[in-house]
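So for the sequence shown, this note's numbering puts the first residue at 1325; every next one is plus one. Beta carbons are placed, not taken as given, at the ideal position from N, Cα and C, and that holds for glycine. Notes follow the structure.
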Amino acid sequence: MDTNHTTNSTMNLPTLVILIKNICIPFYLLILIFGLFGNGLTVVILQSKRLQQSSTLIYLTVLAIVDIFYLLTGLLVTIINYTFLFPSDIRHYSLISCILTPYLSYTLAYLSVWLLVSVTVDRAIWVVQPFNAKRVCTTRNAWLTIFSITIILFVFDSHFFWTMNYNIDTMNSTINTTYYKCTPSYFTQTIFPYIDLLLVCVIPCLFMLIANGLIGIQLKRMSDFNKKRQKNRLFLNHASMQQQQQQQQQQQPTQGSLKCACALTTGKLTNDTRLNDDMPTNVSGIQYPRKRCKSNALKHCVKNSIKGRSNMNRSSSLTAMLLAINMFFMISVCPLLVYDVIYFAFNLNTWIEKDELIRGVLVFGIERFVYVLWYTNFAVHFLLYCLSGPQFRAQAKHWLQSCYHFINLPCLIHDKPTIKLPDTTKIHEFHDSIIQKPLSQQNLNYSPSSKQSYDDTIQHNPYHHHYPQQSHQYSFVQINEENYQTLKYNSIQTGCI
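And the structure:
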């Protein structure tokens, strides 16, 4: 790699071009760092056990991985070119870089875009046809779709292996130094840009517009249906309450007269005028309230209701996340779409050659702004997920807090306060004096003086209030090794508190 050639070429560039290049480098670095961190954390969060796996989450996980590889192959190469090689390119320094740089960059960009299309269509099926989605949108079909798209795109872009030419640059080469130049063929330079425009902008945007339109229509229908059902539920609840009040008003006098009639016919009027338990539940048209459902059935109903509500919230969260990344994709891609259409339709190369000092700088500035938006599309998904998905946001907060505590763990261990244990010397002395001799050689008679000495020993310990008072009916010979260990354990535990 010859840096003198690059330095001489840089000195011949307009000042505004160098200024625009220097402004773009910090933005590219910020996008690269945030994109690698955000996409990496997205993969960890989406694969956590707290989030139930589905076909949508599989697409989003693979999308984050592909975005990481694109940032490392596309954006990182651009940063290297602008920082060390500008206005040259890394493709001009070896045959491998001449072929692999455009091959990986285009293929990963296509793969990211079409994974976004796939997850949008998958979400549209879940919203529009929820019953068929359980059969169609499975994890197996998701992996099969990802594998198929990857194989097709890698095979489709294999034309770079024979359409990129690595030849000697006769214009800049000298007798002592030979320079090489990576140049595309006629197909890659003239025809392929239109194919690229269709694959990365036009067709994906059409798919996303149609899918998002279907999702929006279905969500509007569901919202109207829920509002109507809520109104009907309120009306039915009001009507049932009125009916219950009327039944209670009708049942009270009828039950009283029936009780009196039963009491008079039997001739035995007792203090308890309740009806017999063996009486049928329907007497003279009186309907008694049925028994309530069992507690287990009620718990089961509540559990199903909570589970259904949780699934609904999760589905709404995924739909909102998809709508957010689709909207940002269209916003970031539309400027590139307009720029490419104008560039190829009006042949801007011929227009720039007439006044390279002004027109060249203008086109270079517009092109850099368009590609900053394009690269941002591969780095901002994590932020969009956090803004639109409550569950994803909660998981991201949990992981960030865990990382923070893990980083500060050495400081917490270093600053950990020491635990002061109680002085158990007197307890050891008392224990040795009591159980030092065998049980047969000890005095089995109870003496108040020994009890008093024990009390004095315990009172010297500031934690004596945690020990149970000894009763006069027990002798000290009953304090064995097991009781001593219990006493010692309680003392240590009290000191730790």
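Through-space distance from residue j to residue i, alpha-carbon basis
i	j	result
Thr1700	Arg1557	47 Å
Ser1564	Lys1552	18 Å
Ile1389	Phe1361	11 Å
Thr1487	Thr1507	9 Å
Val1704	Phe1358	8 Å
Leu1521	Lys1555	50 Å
Leu1477	Asn1561	58 Å
Thr1402	Ser1429	11 Å
Gly1689	Asn1550	51 Å
Gly1537	Pro1454	16 Å
Lys1505	Val1386	35 Å
Pro1338	Ile1369	47 Å
Ile1420	Phe1730	42 Å
Trp1438	Glu1691	24 Å
Ile1382	Ile1676	46 Å
Asp1717	Tyr1667	The sequence given here has Arg at residue 1717, not Asp. If you take the alpha carbons of Arg1717 and Tyr1667, they lie about 41 Å apart.
Gln1574	Met1546	42 Å
Leu1384	Gln1542	22 Å
Leu1468	Val1367	19 Å
Val1341	Lys1458	55 Å
Tyr1352	Phe1480	29 Å
Ile1414	Pro1426	11 Å
Trp1450	Gln1570	46 Å
Leu1672	Val1662	13 Å
Ala1669	Ile1519	14 Å
Gln1371	His1416	40 Å
Buried or exposed (CB count within 10 angstroms, at least 16 for buried), residue i
i	result
Asp1548	exposed
Tyr1612	Bear in mind that a pLDDT of 44 at Tyr1612, under 50, signals an unreliable position, so the number given afterwards is only what the model happens to contain. Exposed, because fewer than 16 other Cβ atoms sit within 10 Å of the Cβ of Tyr1612.
Ile1404	exposed
Gln1500	Note that residue 1500 is Asn in the sequence shown here, rather than Gln. Classification of Asn1500: exposed, given that the 10 Å Cβ count is below 16.
Ile1539	buried
Thr1494	exposed
Ser1378	buried
Ile1347	exposed
Leu1354	exposed
Asn1363	buried
Asn1456	exposed
Ser1412	buried
Asn1732	exposed
Ser1436	buried
Cβ pair residue i, residue j closer than 9 Å
i	j	result
Tyr1728	Ala1720	no
Ser1712	Met1654	no
Tyr1510	Ile1492	no
Ile1349	Val1685	no
Leu1424	Gly1398	no
Thr1514	Phe1484	no
Phe1706	Pro1659	no
Whole-angstrom C-beta distance between residue j and residue i, which should lie under 8 Å
i	j	result
Pro1528	Asp1664	That pair is no contact at about 14 Å.
Val1687	Cys1525	19 Å between Cβ atoms; not a contact.
Phe1702	Leu1395	6 Å
Tyr1434	Leu1523	6 Å
Thr1643	Arg1447	6 Å
Leu1365	Trp1723	7 Å
heavy atom of the ligand HEM below 8 Å from residue i C-beta
i	result
Leu1370	As presented, the structure is devoid of all ligands, the ligand HEM included, so that no description of it is given.
**Message:** Pairs of beta-carbons, one from the region 1672-1686 and one from the region 1533-1543, closer than 8 Å: are there three or more?
**Reply:** no
* Count the CB pairs spanning the region 1438-1454 and the region 1462-1477 that are closer than 8 Å, and state whether there are at least three. => yes
| said: When you compare the region 1400-1420 with the region 1456-1469, are there three or more beta-carbon pairs, one atom per stretch, that lie closer than 8 Å? | reply: no
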